[in-house]
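For reference, the structure is listed below as structure tokens.
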Amino acid sequence: EAVEEDYDVSAFLDNPTVAQMKIHKEKKIKKAKAKSCIFACVSQNVFTRIMTLKSAKIIWDYLKKEYVRDERIRSMQVLNLMREFEIQRMKETETIKQYSDKLLGIANKVRLLGMQFLDSRIVEKILVTIPERYEASIAALENTKNLSKITLTKVLYALQALEQRRLMREEGSMEGVYLAKWKNNNGAKNKKKELFQENSQNNSTKIFHHVLIAKRLIIHNRDVGGDLIQNVTSADNLDT
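Residues 1 to 240 (this note's numbering) are what the sequence shown spells out, left to right.
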């Protein structure tokens with residue numbers, strides 16, 4: 001009714017009866033529910049084109065005009081969509097959500113053209129075409145549930161949970177790598193500091209050694225009657 005007739009929900013009359021209030025509420029709910037159901041069934045691309053349309057009937061008329069043409073064209077569209085669905089494979093860089101959204105988008109286009117497309121077909125497609133890294137989750141599902149009766153929601157939940165655990169482990173490994181790198185960098189800095197201190201000590205020892213030699217020369221010159229003042233000045237300069 002909500003998509004076939006764009007009716008207005010009239011305002012309450014004075015002193016409405018319980019039955020009138022109930023009918024008024026049901027009509028408002030029908031319009032809102034019809035609009036929500038259409039939004040839930042279409043792909044993201046279609047949703048962006050219809051989200052500004054005001055009523056369920058206007059949206060429905062737009063979709064019929066856009067997708068429901070003569071039988072021959074519709075059959076060709078369905079055939080092309082089914083081919084597109086069949087060639088899909090999950091890429092190594094894709095997540096389960098990205099892959100399932102892509103499959104659901106194709107399935108919803110087929111449904112909009114009036115053809116049946118069961119969720120069980122999407123479940124089968126996902127289980128057959130996902131990479132080997134999900135084999136553990138598939139084996140667990142086979143052991144606990146009948147795969148022919150499992151819902152799409154449960155399959156996606158199980159596979160996304162595995163993805164999340166793997167991501168957490170990878171993040172933990174990266175933290176360990178960064179920590180080890182930080183420790184190595186600090187160790188290298190400390191080693192450089194130790195070498196610098198050692199070199200400074202060696203240089204101080206050499207300077208002190210030269211001062212002692214100079215002082216010995218002064219004493220020697222004094223004993224033999226050399227130029228005392230000149231040698232004292234030289235020794236003082238070396239000592240500082």
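Positions of the beta carbon are idealized from the N, C-alpha and C atoms, including for glycine.
Span separating the alpha-carbon of residue i from that of residue j
i, j, result
"serine 148", "lysine 22", "42 Å"
"lysine 33", "asparagine 80", "31 Å"
"alanine 161", "tyrosine 99", "15 Å"
"leucine 159", "serine 43", "22 Å"
"lysine 30", "phenylalanine 39", "14 Å"
"leucine 53", "methionine 82", "29 Å"
"tryptophan 60", "leucine 113", "12 Å"
"asparagine 146", "serine 120", "12 Å"
"glutamate 314", "phenylalanine 117", "Residue 314 lies beyond the residue range present for the chain, which begins at 1 and ends at 240; the question has no answer from this structure."
"threonine 17", "lysine 35", "28 Å"
"valine 46", "methionine 76", "19 Å"
"tyrosine 67", "methionine 115", "12 Å"
"alanine 140", "aspartate 70", "46 Å"
"methionine 51", "lysine 28", "19 Å"
"arginine 133", "arginine 166", "10 Å"
"isoleucine 106", "isoleucine 58", "23 Å"
"isoleucine 150", "threonine 144", "10 Å"
"lysine 102", "arginine 49", "18 Å"
"glutamate 94", "tyrosine 157", "16 Å"
"alanine 19", "lysine 65", "37 Å"
Cutoff 7 Å: residue i Cβ touching any chain B Cβ
i, result
"asparagine 143", "Any reference to chain B falls outside this structure, which holds one protein chain only."
Burial state of residue i (16 or more Cβ within 10 Å)
i, result
"methionine 90", "buried"
"aspartate 239", "At aspartate 239 the pLDDT is 47, less than 50, meaning the model places this residue with poor confidence; the figure from the coordinates comes in the next sentence. The residue is exposed, with fewer than 16 neighbouring Cβ atoms inside 10 Å."
"serine 137", "buried"
"alanine 56", "buried"
"leucine 63", "buried"
"isoleucine 87", "exposed"
"phenylalanine 85", "buried"
"valine 128", "exposed"
"isoleucine 73", "exposed"
"lysine 25", "exposed"
"lysine 125", "buried"
Nearest-angstrom beta carbon gap, residue j and residue i [assumed within contact, 8 Å]
i, j, result
"asparagine 108", "cysteine 37", "Contact flag wrong, Cβ pair sits at about 12 Å."
"valine 123", "leucine 152", "5 Å"
"isoleucine 96", "glutamate 163", "6 Å"
"proline 131", "glutamate 92", "6 Å"
"serine 155", "valine 110", "In the sequence as displayed, the identity of residue 155 is valine instead of serine. With a Cβ gap of about 20 Å, valine 155 and valine 110 do not count as contacting."
Residue i, enclosing alpha helix (DSSP H) - first and last residue
i, result
"phenylalanine 117", "Taken as a continuous stretch (DSSP letters only), phenylalanine 117 belongs to no alpha helix (DSSP H), as it is neither H nor E."
"tyrosine 62", "56-67"
"glutamine 44", "44-50"
"threonine 243", "Examination of residue 243 is not possible in this model, given that the chain is present from 1 through 240 alone."
"glutamine 88", "Looking at the DSSP string, glutamine 88 is not in any alpha helix (DSSP H), and its letter there is neither H nor E."
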